[in-house]
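Chemist: Take this structure, written in structure tokens, and hold onto it; I'll ask about it next.
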Amino acid sequence: MAQPLPRPGILDIKPYIGGEGRVEGITHLVRLASNENALGCSPKAREAYLKAALDLHRYPDGAAAELRAALGKTCDMNPDRIVCGSGSEELISLLVRSYAGVGDEVLFSQYGFLMYPICAKAVGATPVAAPEKDFRTDVDALLKAVTPKTKMLLLANPNNPTGSYLNRAEMKRLCEKLPSSVLLLIDSAYAEFVQEKDYEDGRALVDAHPNAVMLRTFSKIHGLAALRLGWGYCSPEVAGVINRVRGAFNVNAPAQAAGVAALADKDFIKKTIDMTAAGRAYLSENLKKLGWQPLPSVGNFLLVHFGPKAEEIRLKLKDKGIFIRQMGAYNLPEHLRVTVGTADDNARLIEALKSV
Ligand SMILES: *Cc1c(COP(=O)(O)O)cnc(C)c1O
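According to our numbering, the sequence shown is numbered sequentially starting from 55.
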């Protein structure tokens, strides 16, 4: 009997699998598998969320006007050029859907974020990966991979899972050399954690190049991953495209309210940045002492080479209630990704690693 079939390519997608975070019988869990904020979220954001719970019968503001105004004010940007999404993941997906289709190529870096090839395949486009050098995005390799079929280039900066970044000069060169007909998506999900002076989050590039889009998220620095809230800064033309294809009420009201409050809580943001910088240094130093090789990272996570026993180590840690992320889906079976946690989380991880 005939059955409904999805478009070609859909069934070739390996579904994205999030980090694990639960084991039976263990109550104190150390969850370092999903790059979440170990401090939780701003108490002010939680308060705003709870207050929004009194109005669950009302539709949200489909334009997210208050949130966009707050973002515009905080980041000194024109709110008309800001678009909000149900996580930045939704914006990635909407952009790929709008700018690429069957027969088109969607370009990204070898160890780029896994959602990029998934989104490309979902629209029937061909995912193209440019090789990296030493786990760093290679601007020349990306430019060399551009063909007349290339519709988009998706680039996380800093990149997840490698933790490496392209500096201002490299990004400028990429923008200048990339054909202006190719949409450049600069995914700056971890921008707030970067302390290097030569880093640029993408805002200036969007102002200079109408084909560039910067994406940001509330899931990492603001600790609001459960609410699904992200935003993009782009040209009025690209904003117009996203506003045509997005759901009319794509960002829920409690998320909008919590987002506005989170932006205003500078103390929480600073605490998160400080905890992350200290924890990243502690983990890096202590992993090296134990003989493991963490890659240099500017994000809230470290990619670590554990060798052929990586999976065995991961499972032993899991038995102790400590979760870190497996990297097989990135073709890095000997690596594991460790999110920077609280000082206590990090110490527990290091202690546990001494015994596995
Ligand atoms: C975590 C992450 C995001 C954010 O996703 P949300 O959908 O906003 O939770 C986007 N890009 C990269 C590279 C990430 O690691």
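Note that CB positions come from ideal geometry on N, CA and C, so glycine has one too.
#1: For A364, is the classification buried or exposed, using 16 other Cβ atoms within 10 angstroms of its Cβ as the cut-off for buried?
#2: Suppose you measure from the CA of L237 to the CA of S338; what does that come to, to the nearest Å?
#3: Does the contact criterion of 3 or more C-beta pairs under 8 Å hold for the region 214 to 234 versus the region 286 to 298?
#4: Please classify A245 as buried or exposed, where buried requires at least 16 other C-beta atoms within 10 Å of its C-beta.
#5: Alpha carbon to alpha carbon, what distance is there between K127 and I240?
#6: Using the DSSP secondary-structure output, state which residues sit across from T204 in a beta bridge.
#7: Comparing C-alpha positions only, which one of G277, F189, R391 and L104 sits nearest to S218?
#8: On the DSSP bridge assignment, give the partners of Q380 in chain order.
#9: With hydrogens ignored, establish whether the beta-carbon of E291 is closer than 8 Å to any heavy atom of ligand 1.
#10: When the Cα atoms are used, what is the spatial distance from G395 to G157?
#11: Mind checking which residues open and close the beta strand (DSSP E) that includes M268?
#12: Cβ of L125 versus every heavy atom of ligand 1: is any distance shorter than 8 Å?
#13: Return yes when at least one heavy atom of ligand 1 lies under 8 Å from the C-beta of S351, else no.
#14: If you measure from the CB of D255, is any heavy atom of ligand 2 nearer than 8 Å?
#15: Hey, K307 and D109 are a contact pair by Cβ (cut 8 Å); roughly how many whole angstroms apart?
#16: Answer with buried or exposed for Q164, where buried requires no fewer than 16 other C-beta atoms within 10 angstroms of its C-beta.
Modeler: In terms of the structure at hand:
#1: buried
#2: 36 Å
#3: no
#4: buried
#5: 21 Å
#6: E159
#7: F189
#8: L390
#9: no
#10: 43 Å
#11: A266 to T271
#12: no
#13: no
#14: This structure does not include ligand 2; its bound ligands are ligand 1.
#15: Note on identity: in this sequence residue 307 is Ala, with Lys being the wrong assignment. Yes, they are in contact, since the Cβ atoms of A307 and D109 sit about 7 Å apart, within 8 Å.
#16: buried
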